[in-house]
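Step one of this worksheet: look at the structure below.
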Amino acid sequence: MRPVYVLSGGVSKFAKARPDKTFQGLVKEAWDESIADLGLEPKQAIELVDGSVASYFSDHFQRQLMSGIMAQDYLGLVPKPSHRVEGGGATGGLCFQEAWKSVASGSMEVCVAYGFETMSHVQTWKGNEFIALASDVSFDYPVGGFYSGYYAMMVVRHMQEFGTTVEQMAMVSVKNHRNALHNPYAQKRMAITVEDVRRSPMVAWPLTRLDICTMSDGAAAMWLASEEGLARIEKATGRRLPRVKVASIGRGTDAMRMSDRPHLDLDTFTAKYALPIEQDAASRSYYRDLWERGARYPGIHSFRAGRMASKQAYERAGIQDPMKQLDFVELHDAYTSSEIQTYEDMGLCRYGEGGPLAVSGRTFLPGIDYGVGFPAASECPVNPSGGLIACGHPVGATGLMQGVFALWQLQGTIGRHFGNPRLQVANARRGAIHSHAGTGTYVTVSILEREGQGGTP
Amino acid sequence: MSKQERTVEESMEGAVVYNVPIPKDLKDMDGMAPIIVKSPYQVDYIHSYGQDSPFFAGLANKRLLGTHCTSCGYTFATPRKACMECGGVCEWVELPQEGRMHSFTVCHFGSEEFLPECPYVLALVEFDGVNSLFLTRVVGLDPTAPSLDWIGMKVKARFRRLSRLKPTDVWFEPV
Numbered sequence: 000m001r002p003v004y005v006l007s008g009g010v011s012k013f014a015k016a017r018p019d020k021t022f023q024g025l026v027k028e029a030w031d032e033s034i035a036d037l038g039l040e041p042k043q044a045i046e047l048v049d050g051s052v053a054s055y056f057s058d059h060f061q062r063q064l065m066s067g068i069m070a071q072d073y074l075g076l077v078p079k080p081s082h083r084v085e086g087g088g089a090t091g092g093l094c095f096q097e098a099w100k101s102v103a104s105g106s107m108e109v110c111v112a113y114g115f116e117t118m119s120h121v122q123t124w125k126g127n128e129f130i131a132l133a134s135d136v137s138f139d140y141p142v143g144g145f146y147s148g149y150y151a152m153m154v155v156r157h158m159q160e161f162g163t164t165v166e167q168m169a170m171v172s173v174k175n176h177r178n179a180l181h182n183p184y185a186q187k188r189m190a191i192t193v194e195d196v197r198r199s200p201m202v203a204w205p206l207t208r209l210d211i212c213t214m215s216d217g218a219a220a221m222w223l224a225s226e227e228g229l230a231r232i233e234k235a236t237g238r239r240l241p242r243v244k245v246a247s248i249g250r251g252t253d254a255m256r257m258s259d260r261p262h263l264d265l266d267t268f269t270a271k272y273a274l275p276i277e278q279d280a281a282s283r284s285y286y287r288d289l290w291e292r293g294a295r296y297p298g299i300h301s302f303r304a305g306r307m308a309s310k311q312a313y314e315r316a317g318i319q320d321p322m323k324q325l326d327f328v329e330l331h332d333a334y335t336s337s338e339i340q341t342y343e344d345m346g347l348c349r350y351g352e353g354g355p356l357a358v359s360g361r362t363f364l365p366g367i368d369y370g371v372g373f374p375a376a377s378e379c380p381v382n383p384s385g386g387l388i389a390c391g392h393p394v395g396a397t398g399l400m401q402g403v404f405a406l407w408q409l410q411g412t413i414g415r416h417f418g419n420p421r422l423q424v425a426n427a428r429r430g431a432i433h434s435h436a437g438t439g440t441y442v443t444v445s446i447l448e449r450e451g452q453g454g455t456p
Numbered sequence: 000m001s002k003q004e005r006t007v008e009e010s011m012e013g014a015v016v017y018n019v020p021i022p023k024d025l026k027d028m029d030g031m032a033p034i035i036v037k038s039p040y041q042v043d044y045i046h047s048y049g050q051d052s053p054f055f056a057g058l059a060n061k062r063l064l065g066t067h068c069t070s071c072g073y074t075f076a077t078p079r080k081a082c083m084e085c086g087g088v089c090e091w092v093e094l095p096q097e098g099r100m101h102s103f104t105v106c107h108f109g110s111e112e113f114l115p116e117c118p119y120v121l122a123l124v125e126f127d128g129v130n131s132l133f134l135t136r137v138v139g140l141d142p143t144a145p146s147l148d149w150i151g152m153k154v155k156a157r158f159r160r161l162s163r164l165k166p167t168d169v170w171f172e173p174v
């Protein structure tokens with residue numbers, strides 16, 4: 000595999016509805032930003048690209064099959080090669096990795112990953128129905144198919160096993176909404192409190208409306224290239240680009256039906272799923288206690304796919320201690336609860352410690368007003384952009400939006416792109432993006448790394 | 000184009016537009032409001048339960064069927080004919096009709112199809128001697144007073160007298 004660089008990205012404005020543009024127009028908006036950032040003219044950009052990968056989740060939302068090719072021709076990229084990827088909520092993350100593969104394999108020198116979703120074409124409750132079709136239509140959907148209900152059942156078990164509280168979950172909402180106050184791309188920018196989250200209307204106990212991301216219209220695009228492709232673009236623009244490399248990718252899966260998730264014993268967990276950092280005596284004794292109290296893995300409280308994706312990505316990038324070796328993480332917080340569960344899958348803490356981590360301050364940014372104080376200092380900001388909860392979740396665009404924000408962190412260009420440097424992680428050298436589907440069915444983790452000096456505001 | 004120029008009638012479904020005026024100069028066209036149309040979409044799906052059909056025949060006869068792997072012994076509460084653990088062949092077995100609440104939620108909102116039923120309790124039920132769980136509705140609990148104390152509660156299966164051949168032919172109630 001060859002080294003792959005991430006050169007540029009663009010994100011359209013995410014909103015509940017974007018009737019001003021069709022999905023092709025939204026992709027164009029993201030594409031235009033990505034080429035303007037490179038300093039390319041539209042015609043030049045078309046000539047420099049070898050092919051693309053298109054990312055969108057649902058054919059139901061806009062009742063249009065083969066939308067991908069309509070974005071491809073709208074951008075002027077026909078007759079170059081392209082294909083569509085689909086994997087539920089992880090569609091964007093999978094698309095990024097497919098673009099990486101296109102370049103790493105030597106098939107392309109420059110590959111563009113673009114993604115979109117237009118979810119405003121149906122009413123919210125019909126949208127919930129379409130999303131719930133991403134559960135088994137023989138056994139799960141007809142029982143009362145509703146994704147917020149599924150996530151609620153998973154976190155209820157997390158609360159039972161580990162003592163996680165609704166206030167810890169609410170703190171994730173406070174963090175992400177308040178981070179988004181400084182991100183002009185975000186859909187929901189609010190200075191809220193834990194009380195606001197708990198007073199918000201109940202959707203599926205214990206998850207309230209402010210624990211859950213919203214549906215959105217939006218698009219995102221990213222440019223990936225080999226060393227040769229990078230040289231090609233630098234020659235065309237006469238500019239030297241910051242070297243942001245894809246250090247590694249990882250993926251995992253789990254059964255569609257939550258009811259089928261296994262409840263494994265401690266030996267199997269330790270042998271197959273524990274991270275290197277969990278192999279020390281203290282962690283082994285911690286997990287022994289957990290199993291003695293009745294915990295099993297992954298059950299419905301943890302995402303085994305997220306752990307497999309993280310483990311694979313960390314091994315390939317040489318990461319032992321993600322909390323210390325990652326400067327930030329953009330993860331798939333479709334629910335406040337799933338951000339906490341994902342802390343654990345990604346090894347930012349041990350299984351069961353996600354709730355306390357969420358209120359420790361360690362995943363918050365320094366210098367942002369969260370309305371409360373914390374016992375610990377910022378260590379590895381999680382969702383500095385505001386995440387899905389605040390930025391929105393136009394499914395096919397989401398994983399790429401995370402990639403674009405991560406790229407800007409590593410380039411040190413958050414200030415230029417957001418119009419203020421408040422969300423720039425100082426000296427960001429290495430970050431992770433995490434994309435997640437279903438009730439944890441497909442998960443991708445990709446590690447991005449800046450060569451040389453870290454990005455500075 | 001100014002708002003006054005449009006002939007728009009408001010209805011319960013939004014705006015009914017009889018005509019859309021066009022400005023004389025085409026340079027002004029990009030500033031116009033987007034035209035939004037609405038169309039119905041209804042379809043009947045013919046869905047076969049295929050190899051899982053015996054489960055639904057079981058429900059119609061007030062029996063709860065799971066499957067058991069003939070190679071590794073794993074038992075699935077939600078049936079699978081191919082074992083997810085070892086790839087072996089699974090055979091049909093009868094499940095106990097009493098189990099415990101493993102987890103649950105109360106849905107106050109949901110998909111369009113289920114909105115009239117809100118609030119409803121969704122739960123995953125565990126059975127003794129069975130390795131996997133079963134997704135179901137639980138009836139008979141107060142949806143306004145959910146509590147973690149519900150976890151572990153004993154529940155028993157109830158069946159529709161007139162089967163609709165859907166997984167909702169069975170639901171659970173506290174014992």
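Those protein sequence lines, which keep their order, are chains A and B.
No gaps in the numbering here: position 242 of the first sequence is 241 in numbering that gives the first Met the number 0, and each next residue is one more.
No gaps in the numbering here: position 78 of the second sequence is 77 in numbering that gives the first Met the number 0, and each next residue is one more.
Quick reminder that beta carbons are idealized off the backbone N, C-alpha and C, glycines included.
Keep in mind it's a predicted model, so treat the numbers as computed, not measured.
Exposed unless 16 or more other CB atoms sit within 10 angstroms - verdict on residue i
i                        : result
aspartate 49 of chain A  : buried
glutamate 97 of chain A  : buried
threonine 362 of chain A : buried
proline 166 of chain B   : buried
arginine 1 of chain A    : exposed
glycine 151 of chain B   : exposed
histidine 46 of chain B  : exposed
glutamate 338 of chain A : buried
lysine 37 of chain B     : exposed
isoleucine 34 of chain A : buried
Reference residue i; option with closest CA among the options
i                            : options                                : result
valine 84 of chain A         : A:Val424, A:Gly451, A:Glu450, A:Ala436 : A:Ala436
lysine 125 of chain A        : B:Phe108, B:Thr135, B:Phe126, B:Phe133 : B:Phe108
glycine 30 of chain B        : B:Lys37, B:Ser38, B:Pro20, B:Ser52     : B:Pro20
threonine 443 of chain A     : A:Ser106, A:Gln408, A:Phe138, A:Tyr313 : A:Tyr313
glutamate 90 of chain B      : B:Cys82, B:Phe158, B:Glu97             : B:Cys82
valine 165 of chain A        : A:Arg429, A:Pro205, A:Gln311, A:Pro18  : A:Pro205
phenylalanine 161 of chain A : A:Ile299, A:Gln278, A:Ser66, A:Thr252  : A:Ile299
serine 131 of chain B        : B:Leu140, B:Phe75, B:Cys106            : B:Phe75
glycine 305 of chain A       : A:Asp216, A:Leu330, A:Pro355, A:Leu364 : A:Leu330
leucine 134 of chain B       : A:Met153, A:Thr117, A:His120           : A:Met153
alanine 14 of chain A        : A:Phe404, A:Met107, A:Ala431, A:Ala396 : A:Ala396
proline 18 of chain A        : A:Val171, A:Asp216, A:Cys379, A:Ala376 : A:Asp216
lysine 27 of chain A         : A:Leu74, A:Glu343, A:Val3              : A:Leu74
leucine 47 of chain A        : A:Val403, A:Lys79, A:Thr412, A:Leu64   : A:Lys79
Interface partners of residue i on chain B, CB under 8 Å
i                        : result
glycine 148 of chain A   : Thr104, Cys106, Gly109, Leu121
proline 463 of chain A   : Beyond the ends of chain A as shown, which are 0 and 456, falls residue 463 of chain A; an answer cannot be given.
glutamine 167 of chain A : Going along chain B, no residue has its Cβ under 8 Å from glutamine 167 of chain A, so there is no contact; the nearest lies around 15 Å.
CB contact check: residue i to chain A, cutoff 8 Å
i                            : result
aspartate 51 of chain B      : yes
tyrosine 17 of chain B       : no
alanine 76 of chain B        : yes
serine 70 of chain B         : no
phenylalanine 171 of chain B : no
leucine 161 of chain B       : no
arginine 191 of chain B      : Since the first and last residues shown for chain B are 0 and 174, residue 191 of chain B lies out of range.
methionine 152 of chain B    : no
proline 39 of chain B        : no
phenylalanine 133 of chain B : yes
Where residue i meets chain B, residues with beta-carbon distance less than 7 Å
i                         : result
tryptophan 204 of chain A : Thr104, Val105, Pro145
Within-8 Å CB hit, residue i to chain B
i                         : result
proline 393 of chain A    : no
glycine 88 of chain A     : no
threonine 440 of chain A  : no
tryptophan 290 of chain A : no
arginine 83 of chain A    : no
methionine 118 of chain A : no
Chain-ordered chain A contacts of residue i [CB-CB under 8 Å]
i                            : result
histidine 101 of chain B     : Arg156, Ile299
phenylalanine 113 of chain B : Gly143, Gly144, Phe145
Cross-chain neighbours of residue i in chain A, by beta carbon under 7 Å
i                        : result
threonine 167 of chain B : Pro141, Val142
methionine 83 of chain B : Ala254, Asp259
Review point. Using a Cβ cut-off of 7 Å, which residues of the region 11-29 of chain A contact any Cβ in chain D, in chain order?
Key: Judged by its chain identifiers, the structure shown contains no chain D, and its protein chains are A and B.
Check your understanding: Which parts of the region 44-100 of chain B are runs of the beta strand (DSSP E), unbroken and 3 residues or longer, counting only runs that do not cross its ends?
Key -> 64-68, 89-93
Check your understanding: Can you give, in chain order, each stretch of the alpha helix (DSSP H) that sits fully within the region 220-258 of chain A and has at least 4 residues?
Key -> 226-236
Exercise for review: Can you check the region 375-418 of chain A for any alpha helix (DSSP H) of at least 4 residues that lies completely inside it and give the ranges in chain order?
Suggested key: 386-390, 394-410, 413-417
Practice item. Ignoring anything shorter than 3 residues or poking outside the region 289-354 of chain A, list the beta strand (DSSP E) runs there in chain order. Key: 327-329
**Study point:** Unbroken stretches of the alpha helix (DSSP H), 4 residues or longer, contained in the region 145-182 of chain A
**Key:** 146-161, 165-179
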